[in-house]
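Here's the structure we're looking at; comments come further down.
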Amino acid sequence: MATLAPLLRAGFLAHSGDLTARRTCKAGFSEDGYTAFVSQNVLEGEKLLKVTFSSCLGPRGTQYESSSLDFRVGADGTVFAARELQIPEKQVAFTVTARDRQTAERWDTAVRLRVAPGAAPHAGHKKGRKEAAPGTSPPPHDTLLPWPPQRLGALRRQKRDWVIPPINVPENSRGPFPQQLVRIRSDKDNDIPIRYSITGVGADQPPMEVFSIDSMSGRMYVTRPMDREERASYHLKAHAVDMNGNKVENPIDLYIYVIDMNDNRPEFLNQVYNGSVAEGSKPGTYVMTVTANDADDVTTANGLVRYRIVTQTPQSPSQNMFTINSETGDMVTVAAGLDREKVHQYTVIIQATDMEGNLNYGLSNTATAIITVADVNDNPPEFTTSTYAGEVPENRVETVVANLTVMDRDQPHSPNWNAIYRIISGDPSGHFSIRTDPVTNEGMVTVVKAVDYELNRAFMLTVMVSNQAPLASGIQMSFQSTAGVTISIMDINEAPHFPSNHKLIRLEEGVPTGTVLTTFSAVDPDRFMQQAIRYSKLSDPANWLHINSTNGQVTTMAVLDRESVDVKNNIYEATFLAVDNGSPPASGTGTLRIYLIDTNDHAPELLPTEAQVCEQPGLHTVNITAADADIDPNVGPYVFELPFVPTAVRRNWTVTRLNGDYAQLSLRILYLEAGMYDVPIMVTDSGNPPLSNTSVIKVKVCPCDENGDCTTVGAVAAAGLGTGAIAAILICIVILLTMVLLFVVWMKRRERERHTKQLLIDPEDDVRDNILKYDEEGGGEEDQDYDLSQLQQPETMEHVLSKAPGVRRVDERPVGAEPQYPARPVVPHPGDIGNFINEGLRAADNDPTAPPYDSLLVFDYEGSGSTAGSVSSLNSSSSGDQDYDYLNDWGPRFKKLADMYGGGEDE
């Protein structure tokens, strides 16, 4: 067994799971913990294992530290023994720390070193080598003995299970397959036949049958080429059983690692990268980062990618404007002179090569980096000419006078290019402003405040242009950023205007016709034009005024009345038009407001005009007042008086003053006959001079109840109806009621006469012999093909009379004496009408000849010898072949037949 010691001493197991290469830049250890199996005695400087750390800055940006002084970590993550030491029986654990040199960020991972069970001491510490047992031959060089033999006479119990060192298999092997990897055997196969098998992923689990084993010899094979990028490691278990399937040895773990080969090119995350850098940037300015990943093992040179720039287009102003960090892929500027106005974009081809950039052995791939030179405001805007000119008619606003054009070499439609214009001098009153056209960047000089030619005939403006964004550091404004603008004002015919528009004058109402009120004249602003102005009326609601067409003198055409409906709040308004004789003529309007001072020209009117009082004094009075169209002081207080003529007024009535505006009218005498009375009252206002008016109030005098309200009879009497009128009304009412009663009696008599007629019609007048039309539309041409002769009345009644007594058709009208109905009295009595009806009803009930004959009605008799059979002879049986459903379509007259023979839903 001593031949296995060198194999076990150098083996270790790294529980790293899937070792698939990382494709994103994320700093950290590949595993949270690492475990390795080593010999118990470790020499100084001996490599124990290697930890894997991914850093976005590359290996050079990472520093490793160990928490144990017995171990140190190399720059590539390899763990060494710092001194000669002996590993404890179980394990030793410590922490490895990775630090970022720039950010000082740290990451930790745990490392455990375990002593491989049954491992021989290190060769440097062995005193000698024990010879093989007699009678046994050493195993072949490719044979593993994972199950050590049982030692006889041992003083203590030893574990029988050994840990097999990992088995390394190169990927992409060309075979031939199956290819032997190792042979596994137990020392018990010298005594009994043993069968070997393997289980696990790659054996009896997907992917199936990647590995196989000869059950008798224990030789283990790989059956096909391996791909480390598909799976980096396999964990199998080896089993040894006898021929009966009994376990001979405990299962042993087998770890198979796929050795990486450089079979994958680096792949860029993007085929095209876009970046930007400001023009004028200093060398060393960061531009962008490109990243390429290699699917090969990043812990070997197969997965270490290096970058370089292949070409740069255009090569201006230098062929090497940029450089790239070979490890990180960071691109920076390396030369000065970036100018967007000369070169606005660079196209750089970048190559990524593995094998640490060795072009002879490594695999390469390329990507394109498009670098845009960002604009800065390093070019001030400049006017294309030093002077501009324009003209505008006077009094125009929002009119563009001139367009100012500028040139700016910066990025169009950016803050570095957008122009802002300012007027420096020449416009103290703010008549103009300059707006920027967002499309052309031109400055539009616009009139924002009307200009009067008579005040300003021309303007000399000084304007300056700048950008929205400030100029870059060190850039000065150009002398071409200012210019002059000459603006000429054109004289136009301006409308005349009234200096005192809405002119207000005051005068008393009632001035006579032809009175001169004022001169309402207009002024022509065109001082440099000799023009005449003519006046006319534009609005004069009451047609009271006249204006002189040449001088604007306003006179009255009628008497001005303050109480007119055209006067609002004592003010009368009229509008006049002034027109000059310019070309074209211009006109202006002016409003004249006349405040009319009130005069006492309206007498007061008495209110109310009607009233009601009781025929006895003291119970009812009437409050009266006056209404005057004038205003104060030509209104109240009022004076209310009764006239002296006629004398009965003052004898029967009296007026009592309440206040300046109200008085009371009441009866002076103790009793006044009910009726309507016209009471004249004279009302006088307080104007100067005062005006009086005699008005008549209609007073209704009526008898009153205890509450002072007129009674109904009294109201009628008071309304002026005498006894004769009332009697005439009553006579008319009686006559009207008599006429209504006579009409009712006449209607009753007609009704009685109608009932006294015979209820049955004579045979010669029997309408059953005729075909009556009830406005039916009929059933078409087929229904109209019938013989009318079959419907005629039979010539004789012998066939009816010759029948035996008691035997007759129930649907025929009986032949015999008809009963006598009661005779109607000549003079009807209201009590006899009911008796007459009851007797007639009783006689009809006992009359066998009265329709409907207590059976089916006779619609008509077809005549003797008719080919048409009787309706009563129709068979009601539904067993025949005849279909009578069409009777339902013949209308309401055939509904009974349809119900009997049609086989409806009721059957």
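All residue numbers for the sequence shown refer to the UniProt record's numbering, where the first residue is 1 and numbers rise by one.
Ideal Cβ positions, reconstructed from N, Cα and C, are used throughout, including at glycine.
Scanning the region 297 to 368 from its first residue to its last, the whole beta strand (DSSP E) runs of 3-plus residues come out as 306 to 313, 322 to 324, 330 to 333, 345 to 353.
A542 and I505 have their C-alpha atoms spaced approximately 17 Å apart. In summary, V485 is buried, with 16 or more beta-carbon neighbours lying within 10 Å of its beta-carbon over all protein chains present. Taking 8 Å as the upper bound for CB-CB distance, A402 and V439 are not in contact here, some 18 Å apart. Secondary structure within the region 595 to 652: the alpha helix (DSSP H) runs of 4 or more consecutive residues, fully enclosed, are 647 to 652 (chain order). In the DSSP assignment, the residues bridged to Y196 are A240. With contacts defined as CB atoms closer than 7 Å, L665 and V622 qualify as a contacting pair. Burial state of E615 is buried, judged by a 10 Å Cβ sphere holding 16 or more other Cβ atoms.
Between Y638 and D661, the alpha-carbon positions lie close to 6 Å from each other. DSSP, reduced to helix, strand and coil, places V485 within a strand of the structure shown. Looking from the CA of S692, the closest CA among A82, I681, T384 belongs to I681. Per DSSP, the unbroken alpha helix (DSSP H) holding M900 starts and ends at 895 to 901. By the Cβ criterion, the region 448 to 458 is not in contact with the region 356 to 368, since fewer than three pairs of Cβ atoms, one from each stretch, lie closer than 8 Å. Following the DSSP letters along the chain, one finds W107 inside the beta strand (DSSP E) bounded by residues 106 to 115. Taken atom to atom, the span from the alpha-carbon of G687 to that of T609 is near 23 Å. Taking all protein chains in view, the Cβ of V523 is surrounded by fewer than 16 other Cβ atoms within 10 Å, so the residue is classified as exposed. For R422, the CB contacts under 6 Å within the same chain, skipping 5 residues up- and downstream, are M464 in chain order. The region 644 to 713 contains, as complete beta strand (DSSP E) runs of 3+ residues, the segments 653 to 657, 662 to 667, 675 to 684, 692 to 702 (chain order). In the structure shown, V559 adopts coil according to DSSP, grouped into three states. Leaving aside the five residues that flank V567 on each side, the residues in its chain whose CB is nearer than 7 Å to its CB run, in chain order, L596. Per DSSP, the continuous beta strand (DSSP E) segment holding G390 begins and ends at 387 to 393. Distance from the Cα of I487 is smallest, within the candidate group E391, A419, S473, for E391. Straight-line spacing of the CA atoms in A82 and R265 works out to 38 Å. By the criterion of at least three beta-carbon pairs nearer than 8 Å, the region 234 to 244 is not in contact with the region 329 to 341. Under the three-state reduction of DSSP output, L85 falls in the strand class. Collapsing the DSSP output to three states places R99 in a strand. Of all alpha-carbon atoms in P176, N581, D294, the one lying nearest the alpha-carbon of P225 is that of P176. A straight-line Cα-Cα distance of about 35 Å links S217 and D297.
Put simply, the backbone Cα of G280 is about 32 Å away from that of I424.
Annotation: the continuous beta strand (DSSP E) that includes S66 extends over 62 to 66. With a cutoff of 7 Å on beta-carbon distance, I594 and Y572 are scored as near each other. Taking one beta carbon from each stretch, the region 526 to 539 and the region 505 to 518 have fewer than 3 pairs nearer than 8 Å; the two do not touch. Each residue's CA atom was taken as its position, placing R219 and F211 some 11 Å apart.
Contact between V699 and Y677 holds, since their C-beta atoms are separated by about 5 Å, short of 8 Å. Partner residues in the beta bridge of K537, as assigned by DSSP, are F576. Shortest Cα-Cα distance from A352 to any of A292, H344, A98 involves A292.
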